[in-house]
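Trainee:
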Amino acid sequence: MTPNITESHAADKAEFYQDLEEQVQAVVDGQRNWVTNLANTSALIYHGLRAVTGKPINWVGFYLLDQDHASSSSSPRKDSLILGPFQGKVACTTIEFGRGVCGTAAQENRTLLIKDVHEFPGHIACDAASNSEIVVPLELDGRVIGVIDLDCEVVEGFDEVDQAGLEKVAKILVDASNWRGVV
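For any residue, its number in my numbering is found by taking its place in the sequence shown, counting from 1, and adding 109.
#1: Can you grab the Cα-Cα spacing for the pair A120 / T203, in whole Å?
#2: Note down, in chain order, each residue of its chain lying with its Cβ closer than 7 Å to the Cβ of V264, except the 5 sequence neighbours on either side.
#3: Using only alpha-carbon positions, find the residue among H232, Q176, H227 and E228 that is nearest to G209.
#4: On the DSSP bridge assignment, give the partners of C261 in chain order.
#5: So is P230 buried or exposed if we call it buried at 16+ other beta carbons inside 10 Å?
#6: If D258 sits next to Y172, beta carbons under 8 Å apart, how far is it from one beta carbon to the other, in whole angstroms?
#7: Determine whether the beta carbon atoms of V161 and T150 lie at a separation below 8 Å.
#8: Rank P112, T111 and N142 by C-alpha distance to the C-alpha of L282 and give the top, closest one.
#9: Name the residue from E276, V245 and A285 whose alpha carbon lies nearest to the alpha carbon of A215.
#10: Checking 8 Å against the spacing of the C-beta atoms, do L192 and A200 come in under that value?
#11: If we count the other Cβ atoms within 10 Å of its Cβ and call it buried at 16 or more, is V278 buried or exposed?
#12: Please report how far the alpha carbon of F267 lies from the alpha carbon of G255, in whole angstroms.
#13: Which of the three DSSP states, helix, strand or coil, is assigned to N218?
#14: In the DSSP assignment, find the beta strand (DSSP E) that holds I114 and state where it starts and stops.
#15: Per DSSP, which residues does F195 bridge with? Please list them.
#16: If we call anything under 8 Å between Cβ atoms a contact, is V253 one with N218?
#17: Where does S286 fall in DSSP's three states?
#18: Please determine, among G274, V292, V291 and A285, the residue with the shortest C-alpha to C-alpha distance to Q127.
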């Protein structure tokens, strides 16, 4: 079944994120599979944000809690993220909590808006062309189960409008998807 999605004709980024919320809601309507929902959402964000802003967004995707390396009460191993659905170039496959922008956002359970990745201690350069990044945690029942990650080839590629819009998208996805296999 193909979701019934109305194409965005947003004139600016704030309007784009309003349209994106409706588009993501249409994607998840009647679909609980997290892989399907994240794959379609990464395509919506990647193509839509590039069209509206004209900025060279070079990567949009998700990293999810890696159950093969998740910590538990009997295993003190460090949690890590594993590559999920995305749009863009080949990416890093695993990232430990606390490493790079994604791992730090996951460990601290907070959005990180990085205007210049070269100023972020421990930045992991999956694509040398990336110069700014925003990472939004996906939180379920008080635990980070993944992150939304966006990269841009220009410094200051993202701002607070992106943060607010992506945080709403994260909530829609978490609430609508069945996370079997992730949690």
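Ideal Cβ positions, reconstructed from N, Cα and C, are used throughout, including at glycine.
Mentor: So, from the listed chains and residues:
#1: 37 Å
#2: K224, D225, N240 and S241
#3: H232
#4: I166 and S241
#5: exposed
#6: 6 Å
#7: no
#8: N142
#9: V245
#10: yes
#11: buried
#12: 20 Å
#13: coil
#14: Element bounds for I114: n/a, residue is neither H nor E.
#15: G170
#16: yes
#17: coil
#18: G274
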